[in-house]
Amino acid sequence: MTRGGKVLATRVGLIAGSVALLEAACRLHLINPLTLIPPSEMVVALAGMLADGELTGDIMQTFASIGVAFVTAVAAGFVLGAGLHRLPVVRRAIDPLLASWYAVPVFVFYPLLVAVLGLGNLPLIAIGVLAAVPAMMLSTLVGLDRVPRVLRKAARMHRLGPVATVWLVVLPAALPNLFNGLKLALAYAFIGVIAGEFILSTGGLGHGIAYAYEAFDNDAMYGRMLFVLLAAVVANGVLYTLEVRLNRRRGRA
Amino acid sequence: MPDQPHAVLRGVTRVYPGASPIHALGPIDLDIARGEFFAVVGPSGCGKSTLLDVLAGLSAPSAGTIRFEGKPVAGQVPDGVGVVFQEDASFPWLTVRDNVAFGLRRAGVDKAEIARRVEYAVGFMGLRDFAGAYPAQLSGGMRQRVCIARTLVLQPRLILLDEPFGALDQQTRLLMGDELLRLWRETGATVLLITHALDEAAMLSDRVGVMSARPGHFIDLVETHWPRERDSRIVSEAAFGAVTARLWTSLRAESLKAIGRPAET
Chain A
1 MTRGGKVLAT RVGLIAGSVA LLEAACRLHL INPLTLIPPS EMVVALAGML
51 ADGELTGDIM QTFASIGVAF VTAVAAGFVL GAGLHRLPVV RRAIDPLLAS
101 WYAVPVFVFY PLLVAVLGLG NLPLIAIGVL AAVPAMMLST LVGLDRVPRV
151 LRKAARMHRL GPVATVWLVV LPAALPNLFN GLKLALAYAF IGVIAGEFIL
201 STGGLGHGIA YAYEAFDNDA MYGRMLFVLL AAVVANGVLY TLEVRLNRRR
251 GRA
Chain B
1 MPDQPHAVLR GVTRVYPGAS PIHALGPIDL DIARGEFFAV VGPSGCGKST
51 LLDVLAGLSA PSAGTIRFEG KPVAGQVPDG VGVVFQEDAS FPWLTVRDNV
101 AFGLRRAGVD KAEIARRVEY AVGFMGLRDF AGAYPAQLSG GMRQRVCIAR
151 TLVLQPRLIL LDEPFGALDQ QTRLLMGDEL LRLWRETGAT VLLITHALDE
201 AAMLSDRVGV MSARPGHFID LVETHWPRER DSRIVSEAAF GAVTARLWTS
251 LRAESLKAIG RPAET
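Structure follows, in structure tokens:
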């Protein structure tokens, strides 16, 4: 077996072992069934909800919000990061504020966002954007900072204009860091939107989990939680695969 | 060599502005003949790389004029000038072949011609077996050869090299020097080499300019009188020792000055 095959087998084994352990603990009532249902029942509950279309509306609503928040955060974070990179004095002035952005729980803006944007998806998207923008912004700044000066000189040696320099040299050179920004922005948008749905939504997966929790409907709650977990893993897996391909194109994988 | 110098520097000075302006270079007066191999040595921080930058058009001099093939150099790298930098300037996202083809594609050269010239340059630099590799898969010396090939393929008439072998071990540097001499002979280009290695300057050059400590200016110009057909075996000749000794004699006091120690009498 190749090294990659061994790693994959170990990963699958660890996950399967953990799930089997949890299943056994639930089945043997080592864990109170009112607290946690067995993973197999979560799968059955999720399959049932997916089959009868109960989740379709929530999925559409949540992922539409995450998608819009992610794209907006990536675009805004990139533009703001690139702009700040061009304005070193402004950057120095707001650097401490930017660094502390992560420490601000964006949910405190909930009343303001509802007052300004009304009830609906917009405040959720705004929370997702607010949570994800700094990651993309900082990754853009780091990426642009780390473009070796000699590559910019090489661009000048080839008499590239400003647009060609950015497109053909700066962006490809900064791509690994920009990709980190994409990964973090997706994670933060995911967290921001779903957590926001818990507190200020009348629909979506987050709201569904909160509603099921209040209704003591463990099957519905854990079924939805499993779906969110799987969606997060799949989304990260897709980005991870893209990153591996990117690195392979640079001879680093 | 025709009488008209290929590159001419007159009163070239570079001062970095700021609260305490730094006078980095000059004044420099220098004529480089067409087809000449000219090396510049000097103590650390004397402005060697600054000299290359202003000659390449990568930065503007604070005073003085630079002419290449009779035309003023101002604000951008002139057509016909190629630069190889000290640091690895290969593009990590491109294969060796695509790195080498980069400038030709930008210049709109047709595909067949690009393929022909890239194949030649890759072969010339001994990279044929690695044409599909990425820079991260190559050694430091091979990456530097990629950069030289990327410059060579543009068929520059003036090649500026800023300590291109600085990160390589001594044996590899000698061999790379041989390749550089071969490139110089076959292309007929004028070469300006910045180096901190006196033996490298003595082995490769027709003429060596010795720079003072900052602000750098030429304190000695040493002609080597080597035949055009030469290679690294020249280091075993007695005349090579004499040239190296003269370079060090000129440079020693300046090197001491650069590290803050008084010159010995």
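In the order they appear, the protein sequences are chains A and B. So that you can map any letter, position 15 of the first sequence is 15 in my numbering, and since no number is skipped, the others follow by simple counting. So that you can map any letter, position 220 of the second sequence is 220 in my numbering, and since no number is skipped, the others follow by simple counting. Backbone N, C-alpha and C define an ideal beta-carbon position, used for all residues, glycine too.
Query, Result
"Going by alpha carbons, who is nearest to M203 (chain B) out of B:I159, B:A7, B:V40, B:V8?", "B:V40"
"Helix, strand or coil for A101 (chain B) per DSSP?", "helix"
"Strictly under 9 Å for the Cβ-Cβ distance: is H207 (chain A) near chain B by that measure?", "no"
"Starting from H85 (chain A), trace the alpha helix (DSSP H) in both directions and tell me its first and last residue.", "56 to 86"
"What does a CB cutoff of less than 7 Å around H23 (chain B) pick up in its chain, not counting 5 residues either side in sequence?", "V15, P215"
"Return the residue from the list A:P123, A:K153, A:L98 that minimises the CA-CA distance to L141 (chain A).", "A:L98"
"Does the beta carbon of D220 (chain B) sit closer than 9 Å to a beta carbon anywhere in chain A?", "no"
"When you compare only the Cα positions, how much space is there between R252 (chain B) and M136 (chain A)?", "52 Å"
"Using the rule of at least 16 other Cβ atoms within 10 Å of the residue's Cβ for burial, across every protein chain shown, is I259 (chain B) buried or exposed?", "exposed"
"For K6 (chain A), decide whether its Cβ has a neighbour in chain B, counting only Cβ atoms nearer than 9 Å.", "no"
"Residues in its own chain within less than 7 Å of F78 (chain A) by CB, not counting five upstream and five downstream?", "M136, T140"
"Out of B:I66, B:Q144, B:R182, B:S20, state which residue places its alpha-carbon closest to the alpha-carbon of P92 (chain B).", "B:Q144"
"So, helix, strand or coil for P123 (chain A), using DSSP?", "helix"
"Near A232 (chain A), what residues of its chain come up, given a Cβ to Cβ distance below 7 Å and the 5 sequence neighbours on each side ignored?", "F190"
"Judging by CA-CA distance, which residue of B:D162, B:G209, B:P156, B:G166 is the nearest neighbour of L183 (chain B)?", "B:P156"
"So with CB distances below 7 Å, who are the chain A contacts of A189 (chain B)?", "Within 7 Å Cβ-Cβ: nothing; A189 (chain B) doesn't reach chain A, min ~15 Å."
"Output yes if chain B places a C-beta closer than 9 Å to the C-beta of L160 (chain A); else output no.", "yes"
"Could you pull out every residue in the same chain whose Cβ sits closer than 6 Å to the Cβ of K183 (chain A), ignoring the five residues on either side in sequence?", "L239"
"Nearest by alpha-carbon distance to I66 (chain A): which of A:M225, A:F198, A:Y188, A:L230 is it?", "A:Y188"
"Check whether the stretch 99 to 114 of chain A touches the stretch 122 to 137 of chain A, counting contact only when three or more Cβ pairs, one atom from each stretch, lie closer than 8 Å.", "yes"
"For E87 (chain B), which of helix, strand or coil comes out of DSSP?", "coil"
"Among B:F130, B:R150, B:G126, whose alpha-carbon lies nearest the alpha-carbon of L175 (chain B)?", "B:G126"
"Against chain A, which members of the stretch 149 to 161 of chain B pass a CB distance test of less than 7 Å?", "none"
"List the DSSP bridge partners of Y16 (chain B).", "B:I22"
"Under 9 Å between C-beta atoms, does R249 (chain A) make it to chain C?", "No chain C appears in this structure, whose protein chains are A and B."
"Note down, in chain order, all residues in the stretch 87 to 104 of chain B with a beta-carbon under 9 Å from any beta-carbon belonging to chain A.", "E87, D88, A89, S90, F91, P92, W93, L94, T95, F102, G103"
"Does R249 (chain A) come out as helix, strand or coil in the three-state DSSP assignment?", "coil"
"Considering only DSSP beta bridges, list what A39 (chain B) is partnered with.", "B:L193, B:V208"
"Between V40 (chain B) and chain A, is there a C-beta pair that is closer than 9 Å?", "no"
"So, for G181 (chain A): in the same chain, excluding its five sequence neighbours on each side, which residues have a beta-carbon less than 7 Å away from its beta-carbon?", "G77, A135, M136, S139, T140"
"Out of B:L181, B:G241, B:H217, which one is the CA nearest neighbour of D206 (chain B)?", "B:L181"
"Are there three or more Cβ pairs, one per stretch, closer than 8 Å when the stretch 54 to 61 of chain B is compared with the stretch 69 to 89 of chain B?", "yes"
"How about T95 (chain B) and A149 (chain B): are their beta carbons less than 9 Å apart?", "no"
"Is the shortest distance between the beta-carbon of F85 (chain B) and the beta-carbons of chain A less than 9 Å?", "yes"
"How about L151 (chain A): is its C-beta nearer than 9 Å to some C-beta of chain B?", "yes"
"Spatial neighbours of G45 (chain B) within its chain, please: C-beta separation below 8 Å, excluding the five flanking residues on both sides.", "A213, R214, A258"
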